[in-house]
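Enquirer: Below are the structure tokens for one structure; questions will follow.
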Amino acid sequence: MWIYLLQGIGYGLAAASQPGPFQTYIISQTLTRGWKRTLPAALAPLVSDGPIILICVLLLSQVPAWMQRFLHFASGLFILYLAFGAYRSWKNFNSQLPDNETGTQQSVLKAALMNALNPNPYIFWTLVTGPILLKGWHETPIHGIGFLAGFYITLILSLVAIIIVFGTATRLGPKVNRALLGISAIALFCFGLYQLWLGVGN
1 MWIYLLQGIG YGLAAASQPG PFQTYIISQT LTRGWKRTLP AALAPLVSDG
51 PIILICVLLL SQVPAWMQRF LHFASGLFIL YLAFGAYRSW KNFNSQLPDN
101 ETGTQQSVLK AALMNALNPN PYIFWTLVTG PILLKGWHET PIHGIGFLAG
151 FYITLILSLV AIIIVFGTAT RLGPKVNRAL LGISAIALFC FGLYQLWLGV
201 GN
């Protein structure tokens, strides 16, 4: 089982460390709402990935081209919506974090929707981690469970680390915090346009 656990840890670290729309959204939320309020969003993959894994492992084939285009397009629109929200937070920046913010449950669900509309998890679980999970599960379910445990424990802990690291940016002063928030808005905007381009161009 150890080989599958180690593979899960490695792929979990790789998934968390790759820059993408989900990571950028997590960072922008941290800068806007504070790390304590954003921390539950690190659990979003546990909410969104279940159906993704089930679909990809059952099919275990190349994601159909039409579905990939649809996911890119839907993802692009949603990311642009998030970019607009980050831009408004930058424009109306308040150095004091508001006391009444979006509830924890809504924060997790919003982050989960962000992840579910991202084509990367579908491709990742179809072409990379799906075959490993299926192979381990066929050998014995313990191997498959070990792979999933290693993957998600590492992924969530890595996301928590990202949130805490960027949460410390609030201590560097409001100017730095606002600048980082503006950068995250620009990054989300670029990710959104890129996803739309992939959806239209493929």
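Going by our numbering, 73 is the number at position 73 of the sequence shown; the sequence numbering is gapless. Built from N, CA and C at the ideal position, the CB exists for glycine as well.
Can you tell me which of the three DSSP states Met-1 falls into?
Expert: coil
Enquirer: Could you give the distance in angstroms between the alpha-carbon of Gly-192 and the alpha-carbon of Leu-109?
Expert: 19 angstroms
Enquirer: Classify Trp-35 as buried or exposed, calling it buried when 16 or more other Cβ atoms lie within 10 Å of its own Cβ.
Expert: buried
Enquirer: Mark Gly-10 as exposed unless 16 or more other C-beta atoms lie within 10 angstroms of its C-beta, in which case mark it buried.
Expert: exposed
Enquirer: Output the boundary residues of the alpha helix (DSSP H) element that contains Pro-45.
Expert: 44-59 is the extent of the alpha helix (DSSP H) around Pro-45.
Enquirer: How far does the alpha helix (DSSP H) with Thr-30 in it reach, from first residue to last?
Expert: 21-33
Enquirer: So, for Val-57: in the same chain, excluding its five sequence neighbours on each side, which residues have a beta-carbon less than 8 angstroms away from its beta-carbon?
Expert: The answer, listed in chain order, is Trp-125, Gly-130, Leu-133, Leu-134.
Enquirer: Report the rounded CA-to-CA distance for Gln-4 versus Val-128, giving the unit in angstroms.
Expert: Strictly speaking, residue 4 in this sequence is Tyr, with Gln absent from that position. Between the alpha carbons of Tyr-4 and Val-128 lies a gap of roughly 13 angstroms.
Enquirer: Thinking C-beta only, is Asn-115 closer than 8 angstroms to Ala-44?
Expert: Asn-115 sits close to Ala-44, with the two beta carbons spaced by under 8 angstroms.
Enquirer: Starting from the C-beta of Thr-168, find all residues in its chain whose C-beta is less than 7 angstroms away, skip the five residues before and the five after it, and write them out in chain order.
Expert: none
Enquirer: Quick check on Arg-33: buried or exposed, where buried means 16 or more other Cβ atoms within 10 Å of its Cβ?
Expert: buried
Enquirer: Give me, in chain order, the residues of the same chain whose beta-carbon lies closer than 7 angstroms to that of Leu-13; leave out the 5 immediate sequence neighbours on both sides.
Expert: Within the same chain, Leu-13 has close Cβ partners Thr-154, Ser-158.
Enquirer: Could you spell out the range, first to last residue, of the alpha helix (DSSP H) harbouring Leu-39?
Expert: Unbroken run through Leu-39: none, as it is neither H nor E.
Enquirer: Whole angstroms is fine: what's the gap from Leu-117's alpha carbon to Phe-73's?
Expert: 9 angstroms
Enquirer: What is the DSSP secondary structure of Thr-251, reduced to helix, strand or coil?
Expert: As shown, the chain starts at 1 and ends at 202. That puts residue 251 outside it, with no answer to give.
Enquirer: Mind checking Thr-140: buried by the 16 CB within 10 Å criterion, or exposed?
Expert: exposed
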